[in-house]
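Undergrad: Numbering (the UniProt record's numbering), first residue to last: 1 to 369. We put the CB at the ideal spot given by N, CA and C, even for glycine.
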């Protein structure tokens with residue numbers, strides 16, 4: 001696979017620290033590379049969007065995580081976190097209760113082609129929201145019909161979800177693996193998303209070895225656990241995720257589902273849906289686990305190219321792609337990137353504007369499922 005180059009082209013919007021909101025950092029570009037669809041005989045340009053920085057809670061303070069300084073966080077992490085510490089003062093999670101009633105014949109299925117041994121707890125509605133806080137977010141979540149949301153953080157960051165919409169925490173990277181963050185994640189949900197794009201220097205920037213070293217601390221929460229989510233190449237033999245899953249299997253670690261990101265530069269709806277489906281299928285066939293597509297959209301990061309399709313074409317892709325995702329039984333959940341519009345004042349790929357006005361893509365997403 002050709003390694004893609006990236007650059008940041010957005011600027012961090014000012015967001016109140018008192019509200020704890022996540023800032024939108026704009027988009028980064030990188031050259032296209034091979035993908036699952038290439039193996040199916042279809043060329044594909046899979047690209048990735050810059051997401052808001054996660055937050056790291058240390059004691060009583062909350063600050064943005066710095067991906068570039070991830071290695072420096074080692075000394076700041078709480079060493080020797082035990083399962084007892086992670087679970088202190090908390091009631092058993094749904095996963096712990098489910099495991100306690102499982103038969104002794106149940107076994108780990110990492111990389112073996114089996115299914116997750118822990119059932120999904122979010123219910124039958126697949127669609128969710130990848131978001132940061134903005135005015136009217138609660139009403140927008142209710143209007144959209146989503147069943148869950150996440151924000152790249154271990155707690156909701158002042159986002160007030162309406163009834164029936166569950167929060168899914170994330171441990172974003174090495175610096176986020178602290179007793180405080182793990183306890184917050186456990187308090188705020190039953191499912192935990194793993195490290196965000198550890199294969200990219202400008203995201204969580206982690207080696208496979210470091211991720212495997214830290215993984216038992218995520219397991220100790222007792223939560224249903226999603227894989228680290230790579231930016232691309234989840235189906236690639238010898239790629240970051242393949243090496244992680246191989247290591248996890250050899251060490252007996254739990255991974256209940258595979259989380260994916262996908263961004264397409266072909267704005268033709270039929271082609272884009274085919275490429276996305278080919279990638280998801282290849283990943284599922286490789287690992288045999290349920291899939292969560294936690295970020296996806298149409299964006300072209302090639303230098304000088306049109307960055308986004310027009311509103312009608314983006315909405316058409318939302319309609320066709322969600323129909324495809326709903327039809328795949330092994331896809332448990334998906335979330336468009338992003339639920340809010342960009343803080344630069346443009347809609348870009350967003351579904352809801354500040355105040356709750358809905359975009360064309362938002363209308364298509366609301367109708368999904």
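#1: Once the 5 residues before and after residue 258 are set aside, which same chain residues still bring their CB inside 8 Å of it?
#2: Across which residues does DSSP place residue 196 in a beta bridge pair?
#3: Does the distance from the CB of residue 195 to the CB of residue 184 come in under 8 Å?
#4: Is there contact between the region 248-258 and the region 212-225, where contact requires at least three CB pairs shorter than 8 Å?
#5: Which term fits residue 310, buried or exposed, when burial requires 16 or more other beta carbons within 10 angstroms of its beta carbon?
#6: Rounding to the nearest angstrom, what Cα-Cα distance links residue 351 and residue 231 in this structure?
#7: Assess, as a yes-or-no matter, whether the region 169-180 is touched by the region 141-149 under the definition of 3 or more beta carbon pairs within less than 8 Å.
#8: Quick check on residue 373: does DSSP put it in helix, strand or coil?
#9: With residue 287 as the anchor, note down where its alpha helix (DSSP H) starts and where it stops.
#10: Can you name, in chain order, every residue of its own chain whose Cβ lies under 6 Å from the Cβ of residue 162, other than the five neighbours on each side?
#11: Nearest-angstrom Cα distance between residue 331 and residue 123?
#12: With DSSP as the reference, please indicate the residues paired to residue 340 in a beta bridge.
#13: Look up residue 211 in the DSSP assignment and give the residues it is bridged to.
#14: Quick check on the DSSP output: the beta strand (DSSP E) that includes residue 258 runs from which residue to which?
#15: What's the C-alpha gap between residue 121 and residue 312?
#16: Closest to residue 160 by CA distance: which of 266, 306, 118, 188 is it?
#17: Report the residue from 179, 164, 182, 131 whose alpha carbon sits nearest the alpha carbon of residue 157.
#18: Is the closest heavy atom of the ligand NAP to the C-beta of residue 293 under 7 Å?
#19: When the Cα atoms are used, what is the spatial distance from residue 367 to residue 126?
#20: Is it buried or exposed, residue 323, if we count other Cβ atoms within 10 angstroms and call 16 or more buried?
#21: Is the CB-CB distance between residue 128 and residue 334 below 8 Å?
#22: Under 7 Å Cβ to Cβ from residue 348, same chain only, skipping five residues before and after it: list those, please.
#23: I'd like to know whether the C-beta atoms of residue 314 and residue 298 end up nearer to each other than 8 Å.
#24: Could you tell me whether the Cβ atoms of residue 136 and residue 355 are closer together than 8 Å?
#25: So the alpha helix (DSSP H) residue 323 belongs to, where does it begin and stop?
#26: Using the C-alpha atoms, what's the distance from residue 151 back to residue 353?
#27: To the nearest angstrom, how far is the alpha carbon of residue 305 from that of residue 265?
#28: Do residue 224 and residue 118 have their beta-carbon atoms positioned less than 8 Å apart in this structure?
#29: Rank 246, 236, 261, 134 by C-alpha distance to the C-alpha of residue 193 and give the top, closest one.
TA: Judging by the given coordinates:
#1: 226, 227, 234, 241, 283, 284, 287, 289, 290, 291, 292
#2: 229
#3: Not closer than 8 Å, so no.
#4: yes
#5: exposed
#6: 22 Å
#7: no
#8: Outside the shown range of the chain, which is 1 to 369, sits residue 373, and nothing can be said about it.
#9: Its alpha helix (DSSP H) spans residues 269-287.
#10: 138, 141, 142
#11: 13 Å
#12: 352
#13: Residue pairing by DSSP places residue 211 in no beta bridge whatsoever.
#14: 258-264
#15: Going by C-alpha positions, residue 121 is about 35 Å away from residue 312.
#16: 188
#17: 131
#18: Among the components of this structure there are no ligands whatsoever, and the ligand NAP is therefore not found.
#19: 13 Å
#20: Exposed, since its Cβ has fewer than 16 Cβ neighbours within 10 Å.
#21: The Cβ-Cβ distance between residue 128 and residue 334 falls below 8 Å.
#22: 308, 341, 342
#23: yes
#24: yes
#25: First-last of the alpha helix (DSSP H) with residue 323: 311-327.
#26: 17 Å
#27: 10 Å
#28: At a Cβ-Cβ threshold of 8 Å, residue 118 and residue 224 count as neighbours.
#29: Looking at the Cα atoms, 261 is the closest of the given residues.
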